[in-house]
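Protein chains: 2
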Amino acid sequence: MKKIVIIGGVAAGPKITAKLLRSDCDCQIDLYTDEKLISYSACGLPYFIEGLIEDPNRLIVRKPEQFEEKGANIHLGKRCIKILPDEHAVLIQDVDTKEIEKVNYDKLAICTGARPIVPSIENIELKNIFTLRTIDDGIKIREKLRHSKKAVIVGGGYIGIELLEAFYLNGLDVHMIEMNEHILPIFDPEISDIIKNEIIKMSNGKVRIITNDAVVSFLGEDKVEKVVTSKGEVIDTDFVVIAVGVTPNTEIAKDAGIELGVSNAIRVNNRMQTSATDIYAAGDCIENFHLVSRNYAWIPLGSSANKEGRCAAINIAGGYDALPGVLGSAVTRYNGFTMSLTGLTETEAKKFGFDVISSTMTKKDKAGYMPEAENITIKLVVDKRSRKILGAQGIGSGDADKRINTVASAIQAEQTVDDFLHLDMTYAPPYSTAVDPLLSAALVINNQIYKI
Amino acid sequence: MKKIVIIGGVAAGPKITAKLLRSDCDCQIDLYTDEKLISYSACGLPYFIEGLIEDPNRLIVRKPEQFEEKGANIHLGKRCIKILPDEHAVLIQDVDTKEIEKVNYDKLAICTGARPIVPSIENIELKNIFTLRTIDDGIKIREKLRHSKKAVIVGGGYIGIELLEAFYLNGLDVHMIEMNEHILPIFDPEISDIIKNEIIKMSNGKVRIITNDAVVSFLGEDKVEKVVTSKGEVIDTDFVVIAVGVTPNTEIAKDAGIELGVSNAIRVNNRMQTSATDIYAAGDCIENFHLVSRNYAWIPLGSSANKEGRCAAINIAGGYDALPGVLGSAVTRYNGFTMSLTGLTETEAKKFGFDVISSTMTKKDKAGYMPEAENITIKLVVDKRSRKILGAQGIGSGDADKRINTVASAIQAEQTVDDFLHLDMTYAPPYSTAVDPLLSAALVINNQIYKI
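Heads up: the sequence lines are chains A and B, in that order. So the mapping is simple: this note's numbering equals the position in the first sequence, first residue as 1, plus 6. So the mapping is simple: this note's numbering equals the position in the second sequence, first residue as 1, plus 6.
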């Protein structure tokens, strides 16, 4: 019987376990996690904090018992402190007793995920300064939110935006502080600007967004009371959430001599194999291969973790599966306003040497005479020479994100903009315009390239 | 100067005119229509009837003046009664005065559209029996609806369903009578069954759907009062709408010796050229080439009319454009419930000789813990041998139609289900599940093919 050890229990680890249990692999599965629960949707935490979900247990996808009934062993509160690739073993430490045991494996899967970056800001140890990763973090922030009037969010990325929605809709005055010139710098600058303006417009003076400035210190006796920025802003607050980004948990992998890549994430091939024999990795701790840039990138996302977990499981079980790569497709929302993208932005595409042509189209998402029609803005990025679609950004109060998936499908298939503008999309007045905004954006580019 | 004559003014005709006016073609454009207005959204009529749109003029996309200002001549109330291909001329009759003039052309575009089929049912000439094509038809039905309590819709296709929504939401008791075994027979039978059950469930006893039965006569003195079916049902009603399908307006084309195809629609090549020199056609009167079946089909849709109009205009102007074909993508709704599809259904795919494998997946469209999550059912149809995706049907209260467009994009690019299940789709709890329902459906098929 093959002995399979899985390190990590949030998304990729449980996915591997579930897929192995469904396969006819003759194996013993042991999953170790330093947390007290497994298999939960970290992506749902902002909506628990917002109050859309009452019971945090609803975020749990599967309980340990559900795996154990089927024959897997789930070890809670057990941290992997060392990988010994030559011995095909790991050292596991009990989080409470600190006892250490050596566990042998035939195949190992590293699914250690990522953790929030905690920048070195003066007085960051003050009370009521939070980060968000676990359900416990979520419970603490929600509890604090209920008895607060003011909050500061440090960082204007996805999690920052989702917390902004949660705090604003709970009646708080919120400051968001982003070091970059734009919030959501993953979008092109002019799209980020539209997003920022829309957020402000929707927030009735309750939200202030400060860009191009950094927090230098927190003030307060025991608890945080003020946030001080490098430009000298002093902001009163009841609490702070730090959401400046994440970093992969790859120290034990690095320590074991396993090759790392971009942002210190673990490099894997398309079968999720690391540089070490019989060691696989999946989820937020691994590097991705970007299908458009043909370069490595670290884009940790829950949707990818599921695909990677499945792929790793099939290969661990002795089958064959390969993941071609990612497009970096992502979506978030603020108060009904959607922000989504796939592939490369114009900024990124230029960085990778493409000869970029783009079009940005703001149009109703449904027939203009339908009362439910809302604006969306689509930006399409195309390589002028090959005419291949490189990326798309879609934002607005209307139906933007699903259109971005339609582009994602075209990009994955390496479609040109000439192919794409012929796409036979569904049309009825409550759903789109006779010429869908996506196709309008493609037509503008086509007209520019061919000057007809 | 090239003399371009366009016959028909609803969708494709105005599109050709608009595109020609934007091109640098040195041409005189004359558009003839037997109607009193041009360029309107016939697809919006059910929503005008429903009352979502107050002013029927909102359905007008462009007014004649908007074209004339730019140099096109719009001739209202002028019917083309004969095409003389050898003379490069058409005979145009004034609808009111009946005067006939001969008009010469260098290039002709036939955009005569389609008209509702009026079956030969006893007493069909009674008052308050309507069909729906023009804005005038819409105004009449809306007016009647406002003073009625009961209605009968003959035909369970898209327009029937859209009228059902309009009538139900205006408080009427409605009977829908469909000759086929299923309403919306464009879907696979088991999907049509789900649709029928959902419609009934949502309609609080106000809607009855009769399938497998036909109307044999209407009863009443001057106005229709009862509808009699072949199985002997006698249904009291205040008015009737006949929506049993449409037929292309191609009599003048046929009379001129122009080649027709499926359902008597005009056959065109991928540049919208008919069998006659210098004669183009576009819109509901032309036959389509189906990209999956590789066969001709007649699928008249507003979205296609726009693409065909653009293509015809570019070629008429001396440029080059070619439309590869259609996927038959379509969508409609009933009371918030979406019904959409693209490509071939299982039934059709089998008819065309494919070795079909399919999966049907009912799943939440968003993370299950989000209060706004709704069910959708996705059916994916795949060719077992090539593993190419042949079609998809998506229905439900959730976000189904945009997912269908994502599949449409994959089908157009001839993606296999193996490629498709790796698609990097956007994910966040308010938008989808970590494994999107589309990918779940693809995974089920993959697991069946490879038995892992």
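Ideal Cβ positions, reconstructed from N, Cα and C, are used throughout, including at glycine. Keep in mind the model is a prediction, meaning the values are calculated, not measured.
Could you check if B:G331 is buried or exposed, using at least 16 other CB atoms within 10 Å of its CB as the buried criterion? buried
Which residues, in chain order, does the stretch 373-395 of chain B contribute to contact with chain A at a C-beta distance below 7 Å? A373, Y375, M376, P377
DSSP state of A:S223 mapped onto helix, strand, coil: strand
Counting contacts by CB-CB distance shorter than 9 Å, is A:Y437 in contact with chain B? yes
Reference B:G267, options B:Q399, B:G226, B:A328, B:A303, closest by Cα: B:A303
Determine whether the Cβ of B:A318 lies closer than 9 Å to any Cβ atom of chain A. no
For the beta strand (DSSP E) holding B:D474, just list the boundary residues, first then last. This structure cannot settle anything about residue 474 of chain B, because the visible part of chain B is limited to 7 through 458.
Along the chain, where does the beta strand (DSSP E) that runs through B:I98 open and close? 95-100
Within the chosen definition, does the stretch 342-356 of chain B reach the stretch 397-415 of chain B through at least 3 CB pairs nearer than 8 Å? yes
So, does the CB of B:S459 fall closer than 9 Å to a CB anywhere in chain A? Not covered by the structure: residue 459 of chain B. The range shown for chain B is 7 to 458.
Does A:F343 have its Cβ less than 9 Å from a Cβ in chain B? no
Find the residues of chain A that neighbour B:M278, judging by a C-beta separation of less than 8 Å, and give them in chain order. None at all; the shortest Cβ gap to chain A is about 13 Å.
Quick check on DSSP: helix, strand or coil for A:Y340? strand
Decide if the stretch 302-318 of chain A is in contact with the stretch 129-144 of chain A; the criterion is three or more beta carbon pairs, one per stretch, under 8 Å apart. no
Would B:D244 and B:S365 qualify as a contact pair, given that the criterion is a beta-carbon distance under 9 Å? no
B:M208 to B:T353 span [Cα, whole Å]: 27 Å
Is there a C-beta anywhere in chain B that falls below 9 Å from the one on A:R64? yes
Using a Cβ cut-off of 9 Å (strictly closer), state whether A:N275 contacts chain C. Note that chain C does not occur in the displayed structure, where the protein chains are A and B.
Taking contact to mean at least 3 C-beta pairs separated by less than 8 Å, is the stretch 391-399 of chain B in contact with the stretch 374-381 of chain A? no
Which runs of the alpha helix (DSSP H) at least 4 residues long sit entirely within the stretch 122-166 of chain B? Give them in chain order. 141-152
Compute the Euclidean distance between the alpha carbons of A:K97 and A:L27, then round it to the nearest angstrom. Correcting the residue identity first, residue 97 of chain A is Leu in this sequence and not Lys. Taking the straight line from one Cα to the other gives about 24 Å.
Bridge partner(s) assigned by DSSP for B:T366: B:K385
With C-beta atoms as the reference, is A:C31 less than 9 Å away from A:A249? no
Could you give the first and the last residue of the continuous beta strand (DSSP E) run that contains A:I13? 8-13
Count the other C-beta atoms from every protein chain shown that fall within 10 angstroms of the C-beta of A:R152, then say buried if there are 16 or more, exposed otherwise. exposed
Which runs of the beta strand (DSSP E) at least 3 residues long sit entirely within the stretch 12-70 of chain B? Give them in chain order. 33-38
First and last residue of the alpha helix (DSSP H) that includes B:C317? 308-322
Mark B:I401 as exposed unless 16 or more other C-beta atoms lie within 10 angstroms of its C-beta, in which case mark it buried. buried
Taking 9 Å as the CB-CB cut-off, is A:L350 touching chain B? no
Within 10 angstroms of its Cβ, does A:G397 collect 16 or more other Cβ (buried), or is it exposed? buried
Mind listing, in chain order, the continuous beta strand (DSSP E) runs of no fewer than 3 residues lying wholly within the stretch 225-297 of chain A? 232-235, 240-242, 245-248, 252-254, 285-287, 294-296
With a threshold of 16 other CB atoms inside 10 Å of the CB of A:E168, please say whether the residue is buried or exposed. buried
Which residues, taken in chain order from the stretch 55-81 of chain A, show a beta carbon closer than 7 Å to some beta carbon of chain B? L58, I59, R64, L65
Assuming B:N79 contacts B:H94 (C-beta within less than 8 Å), just tell me the rounded distance between them. Not really, about 18 Å apart at Cβ, beyond 8 Å.
Does any C-beta atom of chain B lie closer than 9 Å to the C-beta of A:E293? no
Mind listing the chain B neighbours of A:A414? Cutoff is C-beta to C-beta under 9 Å, in chain order. T412, S415, L429, D430, M431, T432
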